[in-house]
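Number of protein chains: 2
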Amino acid sequence: MKPNVAAAKAALPHLDLDTSEAAIRAKSRDFFWYSPVLKARLDHVMADFVVSPRSEAEVIEVLRTCYAHDVPVTTRGAGTGNYGQAMPLAGGCVMHLRHMTGVKEIGPGRVICEPGILLKDLDTATKAHSGQELRMFSSTWATATIGGFIAGGSGGVGSCTWGSLRDLGNIIRLRVVTMEAEPRVLDFRGEELPRVSHAYGTNGIITEIEMPLAPAYDWVEMFVACDDFMDAVRFAEDLANQDGILMKLGTVFEAPIAKDYFQRVAPHVEPDTNLVGLMIAPHSMEGFLTFLGRRSEARLIYRNDEDDWPRSPGPVFEYGWNHTTLRALKVDPSITYLQVRYGFPEHKALIEKMQTALSPEVLQHLEVLREGGRVIFAGLSLVKFTTEERLDEIVRMHEDAGAMIFNPHRYTLEEGGRQTVDDRQLRFKREADPKGLLNPGKMIAWDDPDWSYDRMYAYPKLQAAE
Amino acid sequence: MKPNVAAAKAALPHLDLDTSEAAIRAKSRDFFWYSPVLKARLDHVMADFVVSPRSEAEVIEVLRTCYAHDVPVTTRGAGTGNYGQAMPLAGGCVMHLRHMTGVKEIGPGRVICEPGILLKDLDTATKAHSGQELRMFSSTWATATIGGFIAGGSGGVGSCTWGSLRDLGNIIRLRVVTMEAEPRVLDFRGEELPRVSHAYGTNGIITEIEMPLAPAYDWVEMFVACDDFMDAVRFAEDLANQDGILMKLGTVFEAPIAKDYFQRVAPHVEPDTNLVGLMIAPHSMEGFLTFLGRRSEARLIYRNDEDDWPRSPGPVFEYGWNHTTLRALKVDPSITYLQVRYGFPEHKALIEKMQTALSPEVLQHLEVLREGGRVIFAGLSLVKFTTEERLDEIVRMHEDAGAMIFNPHRYTLEEGGRQTVDDRQLRFKREADPKGLLNPGKMIAWDDPDWSYDRMYAYPKLQAAE
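Chains as they are written, first to last, in the UniProt record's numbering: chain B, 1 to 466; chain S, 1 to 466.
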């Protein structure tokens, strides 16, 4: 079962193949370097070649060929993920879906498209067609693909209203190609969707996507300032609980995140300013301003439709979700982050507890999220990194307090998730990837079913660093 | 201050005046007869004349003229309210807004219109213009006006997602004409809106309305059957808590409501069938069917897009909200109803307690409602009426258990609400209706500030029955 890379490449000359070392290196990486832990382990990872299929037929050809020659295939979109999920740990083929950008059908409340289209381009198409847009998108909207978002993401801008990608109704249908001697093409709906959504392409390649749409509005983007951190948290939560105010984003930044890391915001805030970033539908602005008028603790310091700042801060959502970490990292390279779920009804108490215990080593960055019909918070806390041991200790402190951690310093599905095997994904991998060639090293349950999760998993076949 | 009706009529001959006794009698009534208590007290109520202004200018003329001659003015739309709110308790003028049906402007997420347009016609206009519709409407959508809904209603179909009319953002702006020597025209937004929304026209006349819109979809209307009542309640609640499934209606009918009162549904259900009525967005149907597949206790017995019933049941929302009462009344004239709020987080326990204590004398009819971001239930319970004393006792049982009652057997704002003076409405009435001529007898705080609410209020100037 030794991969025959040369034979695979030789069989695919009519496809868009990339074999220059610089290109291969670039396309073998994602934003894993947000994590010093992953940076230390994956920096050298590199594929043998990159192929960019132009159609589902070419995807099938790549998978059939690589199957025949035992070559691993790691599929990627724009590579904006943060967990090394698009990195070819065992080398082989990186399949880049950048040519598969077709929008096949748009109707009321839905769109059918190919996986490689950028979120931004998809929104442009649906907005032009009928004033519609995606319910949710990652903060990498301008550069990330819809396929990557579904295969490697969990939610984002819009999740304050619509919940997460895994929630019923937030993906309608996925078409998936298997990696077998003769690849099959399967249409998944309903209970079948979790087999391949957020599976990092470990058990099938998504070639067509049907997503629900929401109306597109010229969202009013705003920053609201509060002197007290928990006032800012309550402001965001209470606003999200206003059923008549339509909202696309609610982000809370503990001080001094805004002053220290948001260059264009900094001149307008103080070091002790806690900031709330918002996107509100224009026809909800009367309601929002009424709500704001009741909160003397909150000051509206910026709205994009009445901007008097000499330098525009750009889209407010590009301060939220994982862009917060990116902005902090650019100023202070020692910053990394955690992903926390503060569940209902203890969410505010948990946040306050963690903030009291860990600030400023850990600064709270919270995203309003709906889960099971309730407003809660996801934390993408900024962490001043010192050692891996201290990072693990901080993780444990959260878990001991009852705040669930989705560890972004791990490259496996299980460790980045709930630390348990997803049986649906594993069972489908057995069926769809019998040789275990799809994105190897990312599903512990496949490689080491008895793994105990007592330490960080290390994929045995991970390429050796030179 | 004796009304000079003859002088007022004589001053308005160029307007659309209705002076035939039959017409005046018909237009002096609403659906107050749902309540045997109101039926006994208001059946004889009759205006002296009816005027139907064609424009805001004519509304002003009517108000100015009636003010000059001390003639009471009770304003109405279609008269589909249930609390006698559009009935002229002291006679005088009924101002009917049926000619004021203009749609002035439609934009993304909003519409500006006149108050007399039917909800149905407004939805037709916004749907044709840009695929939009009202966020919420009463079950009398086909016959009721938007102005009547705002002045006399509180929520309805759509409130499972958007909350109630009083929630911030669910009304954008109201233009209001006062009743003074020289009527003023005022634009109300934000904190000013509660002055006149749900005020029965007691302190100003709404002449222009700006409402938020939601996308219009071809909602899939369904009935789901459960053998167990609380299973049906949980089904509706859990579905409404699915953030990714877009819903417009969730109604629960305790058995045997469906069998006994829903003629076209009866052949398809048993006496012990508890029914759930639903409207789900078409692009949420995959998610809905997945949810349904997890609930073995629930059977989908009807969907309007795959209808195999020999006789169509018609719109499912015309079984919900106050249409439930109407259908029951047609079969059993002794039926009346209550309006109950089962608040979070005790809502299900309260419902079960009331059902256990009072069924079948009181049958549970529940509407999924969002309040403060949480899914709760409004009860429009069907009551087998015996005596007023027993009805009062049933009301007390609910209140003692902690379920708030909005008594639909009362014609005043306070008794139908939270039994307290709404200071905003009272203060605005002092300013806008100094002579107290607008819809007299409906605001206790105006007539009798020291009223103790220990018994049903009886307006002293109520017309005497012949």
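Backbone N, C-alpha and C define an ideal beta-carbon position, used for all residues, glycine too.
- Message: Please state the DSSP three-state secondary structure of Y319(B).
- Response: helix
- Query: Any contact of the region 187-203 of chain S with the region 237-246 of chain S, i.e. 3+ C-beta pairs under 8 angstroms?
  - Reply: Touching, no.
- Closest by CA to L97(S), which one among F137(S), A328(S) and F149(S)? Of the listed residues, the one whose Cα sits closest to L97(S) is F149(S).
- Task: Can you give me the Cβ contacts of G287(B) inside the same chain, cut-off strictly under 8 angstroms, excluding the 5 residues immediately before and after it?
- Result: The residues are Q242, G244 and I245.
- Do you know how far the Cα of T202(S) is from the Cα of Y34(S)? 22 angstroms
- Among V45(B), L38(B) and A8(B), which residue has its Cα nearest to the Cα of A26(B)? V45(B)
- Task: Give a yes or no on whether 9 angstroms exceeds the smallest Cβ distance from Y217(B) to chain S.
- Result: Answer yes: the Cβ-Cβ gap between Y217(B) and chain S drops below 9 angstroms somewhere.
- Query: Comparing alpha-carbon positions, which option in N304(S), M285(S) and Y457(S) lies nearest E415(S)?
  - Reply: Y457(S)
- Task: Would you grab the beta carbon distance between C160(B) and G250(B) for me? Rounded to a whole angstrom, and I think it's under 8 angstroms.
- Result: 5 angstroms
- Task: Check the Cβ of A240(B) against every Cβ in chain S and list those closer than 9 angstroms, keeping chain order.
- Result: G373
- Query: What does H347(B) touch in chain S if you count any residue whose Cβ is under 9 angstroms from its own?
  - Reply: Within chain S, no residue comes near H347(B); the closest Cβ sits about 13 angstroms away, beyond 9 angstroms.
- Query: Apart from the five residues just before and just after S381(B), which ones in its own chain have a Cβ nearer than 7 angstroms to its Cβ?
  - Reply: Y337, L338, V340, V362, L363, Q364 and H365
- Cα-Cα, which of I205(B), T65(B) and V103(B) is closest to L193(B)? I205(B)
- Item | Boundaries (first-last residue) of the beta strand (DSSP E) holding M100(B) | That residue, M100(B), is in no beta strand (DSSP E); it is neither H nor E in DSSP.
- For Y83(B), which of G441(B), F32(B) and R184(B) has the nearest alpha-carbon? Nearest option by C-alpha distance: F32(B).
- Item | Range covered by the beta strand (DSSP E) that runs through H268(S) | No beta strand (DSSP E) holds H268(S); DSSP gives it neither H nor E.
- Got a sec? Which residues, its chain only, sit under 7 angstroms from S440(B) by beta carbon, not counting five neighbours each side? What sits at residue 440(B) in the sequence shown is Pro, not Ser. For P440(B), where only same-chain residues beyond five positions count, the Cβ hits under 7 angstroms are P72, L89, A90 and K461.
- Query: Which class does M404(S) belong to by DSSP, given the choice of helix, strand or coil?
  - Reply: Note: M404(S) maps to strand in three-state DSSP.
- Using beta-carbon positions only, say whether V176(B) and L165(B) come within less than 9 angstroms of one another. no
- First and last residue of the uninterrupted beta strand (DSSP E) at A117(B): Inspection of the sequence shows that residue 117(B) is occupied by Ile rather than by Ala. Note, I117(B): premise wrong, no beta strand (DSSP E); not H, not E.
- Query: Under 9 angstroms, do A214(B) and Y261(B) count as touching if we go by C-beta distance?
  - Reply: no
- Query: Between which two residues does the alpha helix (DSSP H) carrying Q425(S) extend?
  - Reply: D423 to A432
- CA-to-CA distance, A47(S) to R64(S), given in whole angstroms: 18 angstroms
- Item | Interfacial residues, the region 353-371 of chain S to chain B, with Cβ spacing under 8 angstroms | Cβ contacts with chain B: R370 and E371.
- Item | Assigned exposure category for K429(S) - 16 Cβ within 10 Å defines buried | K429(S) is buried by the Cβ-count criterion.
- Rounded separation between S55(S) and D450(S) - CA only: Their Cα atoms are separated by approximately 39 angstroms.
- Message: Along the region 166-188 of chain B, where does the CB come closer than 8 angstroms to a CB of chain S? Name the residues.
- Response: D167, L168, G169, N170, I172 and R173
- How long is the line joining the alpha carbons of V383(S) and E431(S), rounded to whole angstroms? 40 angstroms
- Task: Measure the CB-CB distance between V220(S) and R303(S) and report whether it falls below 9 angstroms.
- Result: Yes, the Cβ-Cβ distance between V220(S) and R303(S) is below 9 angstroms.
- Report the rounded CA-to-CA distance for E306(S) versus G277(S), giving the unit in angstroms. 16 angstroms
- A281(B) touches chain D at which residues, Cβ-Cβ below 7 angstroms? In summary, chain D is missing from the structure at hand, where the protein chains are B and S.
- Is C113(S) closer than 9 angstroms to I24(S) when the C-beta atoms are compared? no
- Interface residues of chain B around I245(S) at Cβ under 7 angstroms? L168 and G169
- Quick one: list the residues of chain S neighbouring L289(B), beta-carbon separation under 7 angstroms, in chain order. G190
- Query: Is P256(S) closer than 9 angstroms to P333(S) when the C-beta atoms are compared?
  - Reply: no
- Contacts around I394(S), its chain only, beta-carbon distance under 8 angstroms, and the 5 residues preceding and following it disregarded: L338, L358, E361, V362 and V383
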